[in-house]
Amino acid sequence: ISPDPRTRHTIWSLLIGGSLNSLSTYGFNQTQVQRYMCVRSTRGAKQALFINAVGAAIVIILSSFIGVILYAYYAGCDPLTAKRVSDVDQIFPYFVMDVLGGKPGLPGVFLACIFSGSLSTISSGLNSLAAVIIEDVYKGLMRRKLSDERQGLISKIFSVVLGAVVMLLTYVVSYLGSVLNAALSLFGVLSGPIMGVFFLGFFFPQANRHGGLVGFLTSLALQLWIFLGAQITKNQMTSVRLNLTIDNCTEPVNITTILTSSPIKRDPLIDFYSVSYMWYTPIAVLSVLIVGLTVSYLTRPHKPNEIDPKLLIPIGDACCCCLPKRIRDFLRCGVDYENYFQEKHAYESDVEMKETHLYDTSKKHSFSSNTASRTLSVTDANTKHTSSSNVVSPTPSLTNRNTKRKYPSNVVSPTLSVAKNGDVAYDNSALNLADEESLKTRF
Numbered sequence: 075i076s077p078d079p080r081t082r083h084t085i086w087s088l089l090i091g092g093s094l095n096s097l098s099t100y101g102f103n104q105t106q107v108q109r110y111m112c113v114r115s116t117r118g119a120k121q122a123l124f125i126n127a128v129g130a131a132i133v134i135i136l137s138s139f140i141g142v143i144l145y146a147y148y149a150g151c152d153p154l155t156a157k158r159v160s161d162v163d164q165i166f167p168y169f170v171m172d173v174l175g176g177k178p179g180l181p182g183v184f185l186a187c188i189f190s191g192s193l194s195t196i197s198s199g200l201n202s203l204a205a206v207i208i209e210d211v212y213k214g215l216m217r218r219k220l221s222d223e224r225q226g227l228i229s230k231i232f233s234v235v236l237g238a239v240v241m242l243l244t245y246v247v248s249y250l251g252s253v254l255n256a257a258l259s260l261f262g263v264l265s266g267p268i269m270g271v272f273f274l275g276f277f278f279p280q281a282n283r284h285g286g287l288v289g290f291l292t293s294l295a296l297q298l299w300i301f302l303g304a305q306i307t308k309n310q311m312t313s314v315r316l317n318l319t320i321d322n323c324t325e326p327v328n329i330t331t332i333l334t335s336s337p338i339k340r341d342p343l344i345d346f347y348s349v350s351y352m353w354y355t356p357i358a359v360l361s362v363l364i365v366g367l368t369v370s371y372l373t374r375p376h377k378p379n380e381i382d383p384k385l386l387i388p389i390g391d392a393c394c395c396c397l398p399k400r401i402r403d404f405l406r407c408g409v410d411y412e413n414y415f416q417e418k419h420a421y422e423s424d425v426e427m428k429e430t431h432l433y434d435t436s437k438k439h440s441f442s443s444n445t446a447s448r449t450l451s452v453t454d455a456n457t458k459h460t461s462s463s464n465v466v467s468p469t470p471s472l473t474n475r476n477t478k479r480k481y482p483s484n485v486v487s488p489t490l491s492v493a494k495n496g497d498v499a500y501d502n503s504a505l506n507l508a509d510e511e512s513l514k515t516r517f
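Mapping to the working numbering: the sequence shown position 220 is 294, numbers consecutive.
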């Protein structure tokens with residue numbers, strides 16, 4: 075629970091930084107947005123997201139249990155201290171070979187699972203990069219319409235080139251230390267400024283394009299400075315590890331430690347570079363908001379009445395609807411959400427009433443069509459019977475099944491309306507779909 079941001083993992087860094095990292099992954103990441111666009115509706119995307127949340131929670135819990143098992147198993151003989159592995163990322167594969175190495179097939183299954191999980195993530199990333207390059211760069215430079223076949227070919231070429239670049243960068247990653255540390259650090263450096271720009275546009279109507287651009291570039295430069303400084307000076311940083319010994323190692327271990335009595339001069343920037351990678355995303359978001367709002371106010375900010383309310387998110391209403399009205403009005407930054415909410419509610423109620431009316435009308439038309447079809451069938455059968463006998467029979471008396479009561483033959487029975495030629499059962503699915511799309515477009 076230490077508030078020191080230099081501590082690698084604390085309750086605050088995991089709660090705040092981890093939440094923002096997850097929000098950036100599932101809310102603003104290109105690979106995730108492509109997955110959302112593959113489903114038919116927003117409801118389907120939400121359902122897929124809930125299913126993914128369950129699977130992700132299971133994976134995280136199992137990974138945490140694996141870490142606890144590794145610590146308990148090697149508590150008395152640390153492989154990293156004993157120089158049996160050269161990096162912390164090698165402890166888990168070393169554990170698999172140490173425990174399951176004598177059982178043929180199991181280490182291979184473990185290796186196959188690692189490669190399959192890595193390839194699934196890499197493939198979606200390469201596809202997203204190729205799609206972004208084609209849409210934002212290639213089409214803008216060519217300024218002509220491309221056929222689907224040509225776009226597919228260009229996308230494959232970019233995917234191959236980007237795959238080769240990724241393979242070359244693997245040699246650089248080997249110098250970044252822990253894979254988890256490097257991955258989350260790079261993710262915070264690149265995704266944090268992007269999420270900050272979205273927050274700037276969602277919550278602050280005064281923000282303009284100048285503030286968004288300057289805030290993004292400033293945040294990106296700050297994050298790169300911290301990340302590169304941490305990589306260059308990582309040998310001068312002190313890292314806190316759990317208590318591990320080599321007292322229970324069965325094989326002899328020779329470790330030499332050099333101690334010096336002279337104090338080591340510490341650069342003041344080391345403390346700045348020692349910030350935990352879990353805080354990279356919060357720092358990036360805050361820097362975008364601060365710089366972006368400052369630049370926006372200096373370069374003619376937008377007036378609240380110039381922005382469409384459907385493009386904004388009232389932070390007070392979204393985060394805590396129980397706040398006093400005065401505070402919620404202050405957090406709305408002058409935007410008139412009351413009329414927007416009333417109009418939206420009235421529109422949704424009107425659409426719901428129309429859908430209910432159309433559904434009832436559809437049921438009535440369907441019932442009338444089915445009844446008319448049965449009436450026509452009975453009429454055709456009676457006509458065939460009459461024509462075959464060539465005898466005009468008198469009108470039969472009507473009989474009630476329950477009372478066996480006979481009515482006189484001169485009583486005309488009520489006749490159901492018969493469908494005309496070309497009439498079909500009423501189908502309101504297209505109208506319902508049109509109403510749903512109109513609702514999505516407007517609100």
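C-beta: ideal position from N, C-alpha, C; glycine also.
Since the model is a prediction, treat every value here as computed from it, not as a measurement.
If you compare the alpha carbons of 347, 190, 147 and 174 with that of residue 319, the shortest gap goes to 147. With the rule of 3 Cβ pairs closer than 8 angstroms, the region 282 to 293 counts as touching the region 354 to 369.
Judged by DSSP secondary structure, residue 187 falls within the alpha helix (DSSP H) whose first and last residues are 180 to 206. Beta-carbon to beta-carbon, residue 297 and residue 358 are separated by about 5 angstroms, close enough to satisfy the 8 angstroms threshold. If you draw a straight line from the Cα of residue 381 to the Cα of residue 199, it comes to about 34 angstroms. The C-alpha of residue 139 is placed about 22 angstroms away from the C-alpha of residue 351. Boundaries of the alpha helix (DSSP H) around residue 255: 253 to 277. Here DSSP, grouped into helix, strand and coil, assigns residue 321 to coil. Taking the CA atoms as reference points, residue 355 sits about 7 angstroms from residue 265.
Looking at the backbone, the Cα of residue 305 and that of residue 347 are separated by about 9 angstroms. Taking C-alpha positions only, residue 349 is separated from residue 179 by approximately 42 angstroms. Between residue 151 and residue 407 the beta-carbon gap is near 60 angstroms, outside 8 angstroms, which marks them as no contact. With contacts defined by Cβ atoms closer than 7 angstroms, residue 165 and residue 159 form a contacting pair. In terms of Cα proximity to residue 107, the closest of 122, 156 and 362 is 122. Beta-carbon to beta-carbon, residue 105 and residue 194 are separated by about 11 angstroms, too far to satisfy the 8 angstroms threshold. Rounded to the nearest whole angstrom, the C-alpha separation of residue 186 and residue 196 is 15 angstroms.
In the three-state DSSP reduction, residue 356 falls in the helix class (H, G or I). Taking 7 angstroms as the cut-off, the Cβ atoms of residue 233 and residue 205 do not count as close. Taking a 10 Å sphere around the C-beta of residue 281, we find 16 or more other C-beta atoms and assign the residue as buried. In the structure shown, residue 382 falls within a coil segment according to DSSP collapsed to helix, strand and coil. Runs of the alpha helix (DSSP H) spanning 4 or more residues and lying entirely within the region 94 to 163 occur at 104 to 111 and 116 to 147, in chain order.
For residue 98, same chain residues with a beta-carbon under 8 angstroms away, outside a window of 5 residues either side, are 261, 265, 266, 268, 269 and 355 in chain order. In terms of CA proximity to residue 385, 279 leads the group 251, 373 and 279. Using a Cβ distance threshold of 7 angstroms, residue 387 and residue 276 count as a contacting pair. Taking the Cα positions, residue 344 is about 47 angstroms away from residue 216.
Taking 7 angstroms as the cut-off, the beta carbon of residue 102 is found closer than this to the beta carbon of residue 272.
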